[in-house]
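A.B. asks: Going down the list, the protein sequences come from chains A and B.
First residue of the first sequence? That's 540 in this note's numbering, and the numbers climb one at a time after it.
First residue of the second sequence? That's 540 in this note's numbering, and the numbers climb one at a time after it.
Protein chains: 2
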Amino acid sequence: MPLLPPDPYQRDCPSRKLLDRIGDRWTVLVIATLEDGPRRFSEIRRRVDGVSQKMLTQTLRALERDGLVTRTVHAEVPPRVEYALTPLGRSLLDPLGALMRWATEHLGEVEQAQQAYAA
Amino acid sequence: MPLLPPDPYQRDCPSRKLLDRIGDRWTVLVIATLEDGPRRFSEIRRRVDGVSQKMLTQTLRALERDGLVTRTVHAEVPPRVEYALTPLGRSLLDPLGALMRWATEHLGEVEQAQQAYAA
DNA sequence: GTCCTTGGTCACCTACGGTAACTCATGAAC
DNA sequence: GTTCATGAGTTACCGTAGGTGACCAAGGAC
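(1) Is A/Asp605 closer than 9 Å to A/Arg560 when the C-beta atoms are compared?
(2) In angstroms with no decimal places, state the Cα-to-Cα distance between A/Ala658 and A/Glu648.
(3) Mind reading off the beta-carbon distance from B/Arg578 to B/Glu621? Whole number of angstroms is fine, and I expect it under 8 Å.
(4) For the candidate residues B/His645, B/Arg555, B/Trp565, whose alpha-carbon lies nearest to that of A/Arg550?
(5) Would you mind stating whether A/Leu635 and B/Leu638 have Cβ atoms separated by less than 9 Å?
(6) Rounded to whole angstroms, what's the CA-CA distance from A/Leu557 to B/Ala642? Just pull it up for me.
(7) Can the beta-carbon of A/Gly562 be found less than 9 Å from the beta-carbon of B/Gly562?
(8) Is B/Ser630 close to chain A? Criterion is C-beta to C-beta, closer than 9 Å.
(9) By the DSSP assignment, the beta strand (DSSP E) with A/Arg610 in it spans what residues?
(10) Identify which residue in A/Arg555, A/Glu574, A/Tyr548 has its Cα closest to the Cα of A/Pro626.
(11) Can you list the residues of chain A that B/Met639 reaches, using a CB-CB cut of under 7 Å?
(12) For B/Pro547, I'd like the list of residues in its chain whose CB is within less than 6 Å of its CB, leaving aside the five on either flank, ordered along the chain.
(13) Would a check of beta-carbon distances place A/Ala652 closer than 9 Å to chain B?
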């Protein structure tokens, strides 16, 4: 039981760091990609257009470290590595899905606002 | 009517950019701060611990440009500037709130996973 | 022997974000 | 009448996060 409740507004609160990480540009898309089941490294890379190997590796390592994703190496050549969501990772799908849905649904309004602002 | 549906997985899709922006570290906290009504610049700055003037200005400008926030300057000295959510901005509160709630609720599990990973 | 594959690391370099100083206009203090 | 304080910024500088491209290992195909 923490003395203080987690408060994302505070700079050094762990919940702030966690929020930063799940709000991360690549994290959102990677987790969404794993929604329908395990995926290989290169599958994720192809799906998430524009992510570099470096950042994908880094993102997946961080997700693994945080217990959101499992990493399974199959001892073959060429190597095959599969990533899958843990139950904890799955629990993020709803909030992240809502965010992605908001983005696609309100895209038009935002673009209108941008044009209005430019004038 | 767009020829293709917005697809955040594609690098150059506007929905991707929008998703990047609303997933932004400061954007999330700033919008949440405005939940209960208009706030002055320095109020937001105090509430969102750790944000620099530069980034707060930048974030608020972007939110204004995207039609999520209104900016009202009162012609006084010293100046008073108030920021408030637009209806479009309000519609983001639910998804973002869900995200922040997830972060605070699952913080413990993530920390456990991190300790397990370290070993 | 050469080449292709997959997942990943390493060196380099640009661009984003933080820090701190300065601005602008006014009213109050002395 | 000269200093100071105030709120909302802007600007110069600087370190680091993130992108780019080369390279690596191990085996199979040719």
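We put the CB at the ideal spot given by N, CA and C, even for glycine.
Given the structure is predicted, the values throughout are model-derived calculations rather than measurements.
C.D. replies: Here's the rundown:
(1) Start at 1 with the first residue of the first sequence, and residue 560 of chain A comes out as number 21. Start at 1 with the first residue of the first sequence, and residue 605 of chain A comes out as number 66. A/Asp605 sits close to A/Arg560, with the two beta carbons spaced by under 9 Å.
(2) Locating residue 658 of chain A in the first sequence gives position 119, where the first residue counts as 1. Locating residue 648 of chain A in the first sequence gives position 109, where the first residue counts as 1. Rounded to the nearest angstrom, the two C-alpha atoms are 16 Å apart.
(3) To locate residue 578 of chain B, count along the second sequence from 1; it is residue 39. To locate residue 621 of chain B, count along the second sequence from 1; it is residue 82. About 7 Å separates the Cβ atoms of B/Arg578 and B/Glu621, confirming a contact at the 8 Å cut-off.
(4) Mapped onto the first sequence, residue 550 of chain A falls at position 11. Checking every option, the nearest Cα to that of A/Arg550 belongs to B/Trp565.
(5) In the first sequence, residue 635 of chain A corresponds to position 96, counting from 1. In the second sequence, residue 638 of chain B corresponds to position 99, counting from 1. Cβ atoms of A/Leu635 and B/Leu638: closer than 9 Å.
(6) Along the first sequence, one-based indexing puts residue 557 of chain A at 18. Along the second sequence, one-based indexing puts residue 642 of chain B at 103. Across the structure, A/Leu557 and B/Ala642 are spaced so that their CA atoms are roughly 6 Å apart.
(7) Looking up residue 562 of chain A in the first sequence gives position 23. Looking up residue 562 of chain B in the second sequence gives position 23. Yes.
(8) Counted from its first residue, the second sequence places residue 630 of chain B at position 91. It does; some Cβ of chain A falls within 9 Å.
(9) As a first step, residue 610 of chain A must be located in the first sequence, where it is residue number 71. Counting along the chain, the beta strand (DSSP E) containing A/Arg610 begins and ends at 608-613.
(10) Translated into the one-based positions of the first sequence, residue 626 of chain A becomes position 87. Closest option to A/Pro626, Cα to Cα, is A/Glu574.
(11) Against the second sequence, residue 639 of chain B aligns to sequence position 100. What B/Met639 touches in chain A: Pro547, Leu558.
(12) By 1-based counting over the second sequence, the position of residue 547 of chain B is 8. Cβ neighbours of B/Pro547 within its own chain (closer than 6 Å, five residues either side excluded): Ser554, Arg555, Leu558.
(13) Taking the first residue of the first sequence as 1, we reach residue 652 of chain A at position 113. For A/Ala652, the nearest CB of chain B lies under 9 Å from its own CB, placing it at the interface with that chain.
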